[in-house]
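A.B. asks:
Protein chains: 2
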Amino acid sequence: MEQLQVKVAEEAEFRVAGEPRITSPQGFTASGLHVGIKRKRKDLGLIACEVPATAAAVYTMNTYQAAPLRVTREGLAMEGKMQAMIVNSGNANACTGARGLEDAKAMQREAAQWLNIPEHRVGVASTGVIGETLPMDRIQPGIPELVKQLDSAGHDSFCQSILTTDTRIKTVEVRLTVDGREVRVAGAAKGSGMIHPRMATMLAFINTDAAIEAPVLQSLLRQVTDETFNMITVDGDCSTNDMVSVMASGLAGNEPLTPDHPQWPAYYQAFSYVARELAQLIARDGEGATRLVEVVVTGGETREGARRAAKAVVGSSLVKTAVFGADPNWGRILTALGYSGARFHPDRVDLYIGSICVVHQGCPVSGVEELAKEALVQDPARIELNLNQGEAEATAWGCDLTYDYVRINASYRT
Amino acid sequence: MEQLQVKVAEEAEFRVAGEPRITSPQGFTASGLHVGIKRKRKDLGLIACEVPATAAAVYTMNTYQAAPLRVTREGLAMEGKMQAMIVNSGNANACTGARGLEDAKAMQREAAQWLNIPEHRVGVASTGVIGETLPMDRIQPGIPELVKQLDSAGHDSFCQSILTTDTRIKTVEVRLTVDGREVRVAGAAKGSGMIHPRMATMLAFINTDAAIEAPVLQSLLRQVTDETFNMITVDGDCSTNDMVSVMASGLAGNEPLTPDHPQWPAYYQAFSYVARELAQLIARDGEGATRLVEVVVTGGETREGARRAAKAVVGSSLVKTAVFGADPNWGRILTALGYSGARFHPDRVDLYIGSICVVHQGCPVSGVEELAKEALVQDPARIELNLNQGEAEATAWGCDLTYDYVRINASYRT
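Okay, structure coming up:
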């Protein structure tokens, strides 16, 4: 049996699954195959639900939205339900014009036929190189096999099939009790470059067996995404293919969850935990990264200001290289804060690296360089800025900038 | 005698000096010394004018403005004149609190005393590590020697004294005829990291012997900066110390230049040329860079949109690594355009790498990969996007992102 850890949140309690599976919530199966989009590794995956699931999704704000996102959005708009999600890696099907749209629709149609469900209940996602058309002659024949292999044990195959430059699969699962029933929320995600989400993020798929209405699910997803996936950055580049989608099978049998439900806080916390952990897994596995960087801003005048400040610091190339070099160069951190657009008084700022206070009320603290250096080599490397200006807080996650980021991206296609 | 090239601009004519000197405009001398802020290289420099020069300056928009900028601004506000600029490298005197302000004032006061001019006519600039106080015990004794060495041959020493991670000095000079008199405009600048100017830029000093009133000079500087220094990026980090200042001695004896002067267009073009060339020199010598990247956006709906688009593309880590790897990965270029915030229709966009059209009306052009690759290894690597949406244009400059950028910044202080 798998191991369950107990996680006590502020106002709620949920358990974190030691062996998370995207197929763990009731009703879900998954599969993943190699069909030849990539040279060797799995490149086509499917999640299916035995019932039409209530669904929601958020998409990239990039003007170039990849074809599969459009197909998914149009399908979802029809009845707010989804019953399957087909995903390929190795090719983003972005900037591919009318042909790209046809291909995304063909993936949707083909999967629907073999699953024997309406087309509009199939979501489509793609990730990989931009500007090349999909090898449909390889994808199409793989779809019946993909459907055939659907299984609750298909978790690993699916998670592998969505990776590009990722070095590991990214998956999280939590369980909680709602109306006396066990409810599960499980997610899988992929990174790991072109990561700087705005209003949505990289590919992430969340399954839950909770009963919840579509509008509630959509607003839950939007709010949680804003605090989690939208707070990570790897390289400042906001992709054409970012999407987070969620399917809720309702098979747990709870009363439908709404903000008025007594267990809403617990579910919100559990859902949020899954999203935050996935977001951190993406940041930690950023291209070439050696470790996760967490930037916490407290005491902000406004939440937007705190968010900007946290994202500016975590996204600064000079902060990222300083973390890589274990150089507690707090001047670079304050500089990024200074150009973030957040309002603050320089002489009120406290800056911590790990638990070491390196700047107090705007003045450097002497004799702490070595301690700060030790704190900076921890994983995660944690930077906290207290603006002492108000009550607003925000946390952002990123990674260090290393030789390997350059190596990976100077030779991605060639 | 030095060699002069003829440069014909759209509506004006000026000559580019083959051996540019910051001291070439009438009235200016300069010097540079090693006083021990840096280990070996020159680190203290001075420009002086034999008469009180009409002056103007623009400063970083970072909330943390270094102490010397405040001292310069306050001095300049008193009568719009400057007669000297003292600069140190190796230490930014930024985030140094009250002590930093005292030190900057001491530099100003000391230079004024030895030059025998009012304090407020001395500008101060610093560049280097943030958050450490200046070694005034080394700087102060150097100032009389610096004043003593002032000479029209001091050009090289001054230019060397302002460098940090720069690999070369950056200097440009042009000459033109105004009212039958020869007028000269010469500038010196330094980069080369933490470069992402907003409303001002890295340190750049421009000398001219033109007669021009302070308000006209200030508005000229602001407008030209916006089209030149504010259009470069190395790493997206906007420094605490950015400043461009200009001194106009008036010794050329022309009628004061205003937009109504018949030779205003010529002077504007000449001045703009100096600023643009300095900006490009900074971008080309970006930390670790192997070459200059020029991004031209045409056919924009608005100028602001075109500017955003050009800056997003030139600042994209993925575009920068693709240039380093000579990978004509146009998907990354369109992606950056897509998140820039510029308004455009994806199916109208034309994209050129060098002179090679790789995307026409939103569709990839086939069979041009090799040609595009060849174009991308040129210096400068030139990327042009025609949005076919309107008349607005903008050009931005940057550099590729290389292993050396990471090396330099992972070990800057340690």
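Which chain is which? The protein sequence lines are V and H, in order.
Heads up: the first sequence runs through residues 1392 to 1805, numbered per my numbering.
Heads up: the second sequence runs through residues 1392 to 1805, numbered per my numbering.
Heads up, the beta-carbon is just placed ideally off N, CA and C, and yes, glycines get one too.
Note that the coordinates shown come from a computational prediction; the quantities given were computed from them, not determined experimentally.
1. Under the three-state reduction of DSSP, which class applies to C1486 (chain H): helix, strand or coil?
2. Would you mind working out which of V:Y1658, V:A1483, V:F1620, V:G1519 sits nearest I1673 (chain V), comparing C-alpha positions?
3. Kindly indicate which residue of V:S1583, V:C1486, V:L1437 has the alpha-carbon position closest to the one of V1749 (chain H).
4. Can you pull the DSSP bridge partners for T1689 (chain H)?
5. What do you reckon, are the CB atoms on A1421 (chain V) and L1608 (chain V) nearer than 7 Å?
6. Output yes or no for whether 7 Å exceeds the beta carbon distance between R1462 (chain V) and G1436 (chain V).
7. Quick check: the region 1639-1655 of chain V against the region 1732-1741 of chain H, are at least 3 beta-carbon pairs closer than 8 Å?
8. Does the region 1745-1763 of chain V come close enough to the region 1780-1787 of chain V to have 3 or more Cβ pairs within less than 8 Å?
9. Are any of the Cβ atoms in chain H nearer than 7 Å to that of G1522 (chain V)?
10. Is there contact between the region 1658-1677 of chain V and the region 1557-1575 of chain V, where contact requires at least three CB pairs shorter than 8 Å?
11. By the 7 Å beta-carbon criterion, what residues does the region 1775-1793 of chain H contribute toward chain V?
12. My assumption, with CB atoms under 8 Å, is that A1475 (chain H) sits in contact with A1439 (chain H). Please give the rounded CB distance.
13. Does the region 1697-1708 of chain H come close enough to the region 1645-1653 of chain H to have 3 or more Cβ pairs within less than 8 Å?
14. Output yes if chain V places a C-beta closer than 7 Å to the C-beta of G1419 (chain H); else output no.
15. Determine the extent of the beta strand (DSSP E) in which I1744 (chain H) is found, giving its start and end residues.
16. Could you name the residues of chain V that T1729 (chain H) contacts, counting a contact when the two beta carbons are closer than 7 Å?
17. Taking Cβ positions only, does D1617 (chain H) come closer than 7 Å to chain V?
18. For chain H, check one thing: does any of its Cβ atoms lie closer than 7 Å to the Cβ of A1674 (chain V)?
19. Taking the straight line between their C-alpha atoms, what separation do you get for D1434 (chain V) and E1510 (chain V)?
20. According to DSSP, is G1423 (chain H) helix, strand or coil?
21. Does the Cβ-Cβ distance between C1337 (chain V) and A1666 (chain V) come in under 7 Å?
22. Is S1517 (chain H) close to chain V? Criterion is C-beta to C-beta, closer than 7 Å.
23. Looking at the structure shown, is D1434 (chain H) part of a helix, part of a strand, or coil, going by DSSP?
24. Please report the straight-line C-alpha distance between R1559 (chain V) and G1582 (chain V), rounded to a whole angstrom.
25. DSSP on Y1730 (chain V), reduced to helix/strand/coil?
26. If you measure between the beta carbons of A1444 (chain H) and M1469 (chain H), is that distance less than 7 Å?
27. DSSP three-state label for E1501 (chain V), please.
28. Considering only their Cβ atoms, is the gap separating T1689 (chain H) from E1564 (chain H) smaller than 7 Å?
29. Classify G1696 (chain H) as helix, strand or coil using the three-state DSSP reduction.
30. Report the neighbours of W1721 (chain V) on chain H: residues whose CB is nearer than 7 Å to its CB, in chain order.
31. Is D1626 (chain H) close to chain V, meaning its C-beta is less than 7 Å from at least one C-beta of that chain?
32. How is Q1474 (chain H) classed by DSSP in three states: helix, strand or coil?
33. Quick one: give me the first and last residue of the alpha helix (DSSP H) that S1610 (chain V) is part of.
34. Against chain H, does T1726 (chain V) count as a neighbour if the rule is that its beta carbon must be under 7 Å from one of theirs?
35. What residue range does the beta strand (DSSP E) around A1580 (chain V) cover?
36. Please state the DSSP three-state secondary structure of Y1455 (chain H).
C.D. replies: Let me spell this out:
1. One-based indexing of the second sequence puts residue 1486 (chain H) at position 95. Coil.
2. Residue numbering aside, residue 1673 (chain V) sits at position 282 when the first sequence is read from its first letter. The option with the nearest alpha carbon to I1673 (chain V) is V:F1620.
3. For the purposes of this step, residue 1749 (chain H) is identified with residue 358 of the second sequence, where counting begins at 1. Of the candidates V:S1583, V:C1486, V:L1437, the one whose C-alpha sits nearest the C-alpha of V1749 (chain H) is V:C1486.
4. Numbered from its first residue, the second sequence carries residue 1689 (chain H) at position 298. According to DSSP, which records beta bridges pairwise, T1689 (chain H) is partnered with H:N1777.
5. Within the first sequence, the letter at position 30 stands for residue 1421 (chain V). Within the first sequence, the letter at position 217 stands for residue 1608 (chain V). Not a contact, by the Cβ cut-off of 7 Å.
6. Taking the first sequence and counting its residues from 1, the one referred to as residue 1462 (chain V) is at position 71. Taking the first sequence and counting its residues from 1, the one referred to as residue 1436 (chain V) is at position 45. For clarity, residue 1462 (chain V) is Val in the given sequence; the question names Arg instead. In this structure, G1436 (chain V) does not lie closer than 7 Å to V1462 (chain V) by Cβ.
7. no
8. no
9. Translated into positions along the first sequence, residue 1522 (chain V) becomes position 131. So yes, G1522 (chain V) belongs to the interface.
10. yes
11. L1792, T1793
12. The residue you call residue 1475 (chain H) lines up with position 84 of the second sequence. The residue you call residue 1439 (chain H) lines up with position 48 of the second sequence. Going by Cβ atoms, the distance from A1475 (chain H) to A1439 (chain H) rounds to 4 Å, so yes, they are a contact pair.
13. no
14. Counting from one through the second sequence, the residue named residue 1419 (chain H) turns up at place 28. With the sequence shown as reference, residue 1419 (chain H) is identified as Phe, and Gly is not the correct amino acid for it. Chain V, which has no Cβ nearer than 7 Å to the Cβ of F1419 (chain H), makes this no.
15. Numbered from 1 along the second sequence, position 353 holds the residue referred to as residue 1744 (chain H). Where I1744 (chain H) is concerned, the enclosing beta strand (DSSP E) stretches over 1741-1744.
16. Position 338 of the second sequence holds residue 1729 (chain H). Note that residue 1729 (chain H) corresponds to Gly in the displayed sequence, not to Thr. Neighbours of G1729 (chain H) on chain V, chain order: N1453, T1454, Y1455, T1631.
17. Stepping through the second sequence from its first residue, residue 1617 (chain H) is reached at position 226. No - not a single Cβ of chain V is within 7 Å of the one on D1617 (chain H).
18. Working through the first sequence from its first residue, we reach residue 1674 (chain V) at position 283. Cβ-Cβ to chain H under 7 Å: no for A1674 (chain V).
19. In the first sequence, the residue the question calls residue 1434 (chain V) occupies position 43. In the first sequence, the residue the question calls residue 1510 (chain V) occupies position 119. The straight-line gap from Cα to Cα measures roughly 22 Å.
20. Against the second sequence, residue 1423 (chain H) aligns to sequence position 32. Here G1423 (chain H) sits in strand by DSSP.
21. An answer regarding residue 1337 (chain V) cannot be provided, because it is not within the stretch 1392 to 1805 covered by chain V.
22. Taking the second sequence and counting its residues from 1, one reaches residue 1517 (chain H) at position 126. It does not; no Cβ of chain V falls within 7 Å.
23. In the second sequence, the residue the question calls residue 1434 (chain H) occupies position 43. Three-state DSSP puts D1434 (chain H) in coil, outside helix and strand.
24. Sequence index remark: in the first sequence, residue 1559 (chain V) carries index 168 (1-based). Sequence index remark: in the first sequence, residue 1582 (chain V) carries index 191 (1-based). Between R1559 (chain V) and G1582 (chain V), the C-alpha separation is close to 10 Å.
25. Within the first sequence, the letter at position 339 stands for residue 1730 (chain V). Y1730 (chain V): helix per DSSP, three-state reduction.
26. Indexing the second sequence from 1 puts residue 1444 (chain H) at position 53. Indexing the second sequence from 1 puts residue 1469 (chain H) at position 78. Cβ distance not < 7 Å, so A1444 (chain H) and M1469 (chain H) don't count as in contact.
27. Looking up residue 1501 (chain V) in the first sequence gives position 110. Looking at E1501 (chain V) - three-state DSSP - the assignment turns out to be helix.
28. The sequence position of residue 1564 (chain H) within the second sequence is 173, counting from 1. The sequence position of residue 1689 (chain H) within the second sequence is 298, counting from 1. Their beta carbons are not under 7 Å apart, which means E1564 (chain H) does not touch T1689 (chain H) by this criterion.
29. One-based indexing of the second sequence puts residue 1696 (chain H) at position 305. Looking at G1696 (chain H) - three-state DSSP - the assignment turns out to be helix.
30. The residue you call residue 1721 (chain V) lines up with position 330 of the first sequence. Within 7 Å Cβ-Cβ: G1522.
31. Within the second sequence, the letter at position 235 stands for residue 1626 (chain H). Judged by the 7 Å Cβ criterion, D1626 (chain H) is in contact with chain V.
32. The residue you call residue 1474 (chain H) lines up with position 83 of the second sequence. Three-state DSSP puts Q1474 (chain H) in a strand.
33. For the purposes of this step, residue 1610 (chain V) is identified with residue 219 of the first sequence, where counting begins at 1. Looking at the DSSP string, the run of the alpha helix (DSSP H) that includes S1610 (chain V) is 1605-1618.
34. Within the first sequence, the letter at position 335 stands for residue 1726 (chain V). Cβ-Cβ to chain H under 7 Å: yes for T1726 (chain V).
35. The sequence position of residue 1580 (chain V) within the first sequence is 189, counting from 1. Run containing A1580 (chain V): 1572-1580, per the beta strand (DSSP E) assignment.
36. Walking along the second sequence from the start, residue 1455 (chain H) turns up at place 64. Y1455 (chain H): coil per DSSP, three-state reduction.
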